[in-house]
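Count along the sequence shown from 1, then add 32; that gives the number in this note's numbering.
Have a look at the structure below, then the notes.
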Amino acid sequence: MTAPRPALSIVVPCYNEAPCLAALHRRLSAAATAAVGPSHEIVLINDGSRDGSWAVMQRLCAADPHLAAIDLSRNHGHQLALTAGLDLCRGERILIIDADLQDPPELLGEMMAVMDGEAADVVYAVRRKRAGETLFKKATAALFYRALSRLTDTDIPVDTGDFRLMSRRALDALLSLPEQARFIRGMVAWIGFRQVPFPYDRAERLAGESHYPLSKMIRFALDAVTGFSTAPLRLASHVALWLLAASFLLLIYIAIGFFSGSAVQGWTSLMLIVVVLGAVQMFVLGMIGEYLGRLYIEAKRRPLYIVSDVAGPLGGQARLGHVPAEMIAASDTPGGSGKRPIA
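Given below as structure tokens:
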């Protein structure tokens with residue numbers, strides 16, 4: 033017999049968040065208990081942290097039967113760490129939240145009320161204000177979301193992160209998507225169902241610093257665009273048409289110069305054309321290579337994550353990653369634990 037599902041799972045990817053974990057656990061536990069009582073689980077995912085986060089998680093799990101922690105074998109990145117938690121959680125509803133407490137856990141009750149009142153499968157939090165973030169971060173985020181909205185066929189809400197509440201059927205639909213380059217907020221938008229916004233003001237980080245430097249932001253943006261749009265590939269045909277029109281005009285200019293007997297100044301214009309054409313060709317080849325590289329990665333069909341260790345009761349079933357069978361704990365009663373192989 034399998035244990036009944038808890039009413040709520042809270043999934044939290046963590047990377048070097050040791051200073052936040054005690055406060056995070058306290059606030060999440062209070063919010064979950066206020067919303068659903070004891071029928072909840074909190075799932076922390078240690079994404080290859082180097083600051084002792086796993087040791088803190090183990091201590092917290094030993095004191096709280098509602099808390100489970102997953103230690104990944106290496107740093108997989110935020111989106112794959114989140115995927116691991118979503119894959120292994122068991123709740124009927126699932127709250128996704130980051131460990132830095134910029135997204136207030138105390139909004140859980142209001143989000144559940146909106147889900148019930150709107151008969152929604154997804155309640156996604158929309159940021160009205162972003163406290164503690166630089167002007168550059170705010171400007172690039174606003175530009176990214178609006179550019180992504182123009183480039184993709186999927187209606188991805190702007191100013192929205194991963195902070196959201198989902199139903200079990202929405203999560204099961206999300207977990208049926210096995211791609212490696214994951215942009216989860218876009219994937220959630222793609223699966224459909226009824227999704228409603230929840231406006232809120234984002235707070236400052238409780239401690240530490242952002243784990244999304246400019247290089248990771250660019251990589252994240254590239255994953256989003258290439259995962260949900262073929263517009264960069266279509267750019268080649270548009271550029272070709274413009275270059276064909278420019279070549280036709282240049283041909284007319286050369287013909288006029290030839291028949292009028294005037295000398296054609298060629299070196300500067302020739303070099304300019306060569307440089308422009310070369311740059312366009314390299315850009316288009318680079319975009320084609322990016323898509324081919326993603327096809328290569330997907331073709332290998334590797335697991336999305338690998339678990340090194342588990343602390344606390346975790347009764348989920350690995351569908352997208354690899355978990356050693358002896359590390360899955362079955363919860364026969366709420367808060368209980370035992371060992372069993374993956375079903």
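Beta carbons are placed, not taken as given, at the ideal position from N, Cα and C, and that holds for glycine.
Model, not experiment: these values are computed from the prediction.
Beta-carbon proximity check, residue i vs residue j, cutoff 8 Å
| i | j | result |
| --- | --- | --- |
| Ala21 | Ile77 | Residue 21 lies beyond the range of the chain shown here (33 to 375); nothing can be said about it. |
| Gly141 | Ala66 | yes |
| Ala152 | Leu346 | no |
| Ser71 | Pro38 | yes |
| Leu352 | Leu327 | no |
| Asp233 | Lys161 | yes |
| Leu56 | Leu133 | yes |
| Gln90 | Arg214 | no |
| Ile128 | Gln212 | no |
Under the three-state DSSP convention, the category residue i falls into
| i | result |
| --- | --- |
| Glu30 | Here the chain comprises residues numbered 33 to 375, so residue 30 is not present and cannot be evaluated. |
| Gly193 | strand |
| Asp204 | helix |
| Tyr328 | helix |
| Gln227 | strand |
| Ile378 | Not covered by the structure: residue 378. The range shown for the chain is 33 to 375. |
| Leu139 | helix |
| Leu40 | strand |
| Tyr323 | helix |
| Arg334 | coil |
| Val355 | coil |
| Ala157 | strand |
| Ala343 | strand |
| Cys46 | strand |
| Arg214 | coil |
| Pro366 | For Pro366, the pLDDT reaches just 38, beneath the cut-off of 50, and the residue's location in the model is therefore unreliable, leaving the point undetermined. |
8 Å contact criterion, which residue i and residue j should meet: CB distance rounded
| i | j | result |
| --- | --- | --- |
| Phe377 | Asp135 | For residue 377 there is no data in the structure shown, the boundaries of the chain being 33 and 375. |
| Ser105 | Leu53 | Not quite, the Cβ-Cβ distance comes to about 20 Å (not below 8 Å), so this is no contact. |
| Val228 | Val158 | 10 Å between Cβ atoms; not a contact. |
| Ile188 | Arg217 | 7 Å |
| Ile102 | Val316 | In fact, because the Cβ distance is near 41 Å, the residues do not count as touching under 8 Å. |
| Val20 | Ala50 | Outside the displayed span of the chain (33 to 375) sits residue 20, for which this structure offers no information. |
| Ile320 | Leu203 | So it is not a contact: roughly 34 Å between Cβ atoms. |
| Val155 | Leu206 | So it is not a contact: roughly 15 Å between Cβ atoms. |
Cβ-based neighbour list, residue i, same chain, cut-off 6 Å, excluding 5 preceding and 5 following
| i | result |
| --- | --- |
| Arg200 | Glu124 |
| Pro373 | For Pro373, the predicted model reports a pLDDT of 33, less than 50, meaning its position is unreliable; a value from the coordinates is still stated below. Excluding residues within five positions, the ones whose Cβ falls inside 6 Å are Ala357. |
| Met144 | Ala67 |
| Asp83 | Asn48, Ala50 |
| Asn107 | Asp79, Gly80 |
Own chain residues within Cβ distance below 7 Å of residue i, not counting five before or after
| i | result |
| --- | --- |
| Leu60 | Ile42, Ile74, Pro137 |
| Arg409 | Residue 409 is absent from the structure shown; the chain starts at 33 and stops at 375. |
| Leu209 | Met219 |
| Gly149 | none |
| Gly224 | none |
Contact set for residue i: own chain, Cβ-Cβ below 8 Å, skip 5 residues either direction
| i | result |
| --- | --- |
| Gly367 | Low confidence applies to Gly367: its pLDDT is 38, below 50, so where it sits in the model is not reliable, and the reading given next is rough at best. Closer than 8 Å at Cβ, skipping near neighbours: Pro70, Pro97, His98, Pro345. |
| Cys93 | Leu99, Ala100, Ala101, Ala343, Gly344 |
| Gly1 | Not covered by the structure: residue 1. The range shown for the chain is 33 to 375. |
| His354 | Pro335, Tyr337, Ile338, Val339 |
Closer than 7 Å: residue i CB and nearest the ligand ADP heavy atom
| i | result |
| --- | --- |
| Ala63 | As for the ligand ADP, it is missing from this structure, which has no ligand bound. |
- Any chance you could list the alpha helix (DSSP H) runs of at least 4 consecutive residues sitting entirely within the stretch 50 to 131, in chain order? 50 to 68, 85 to 95, 110 to 120
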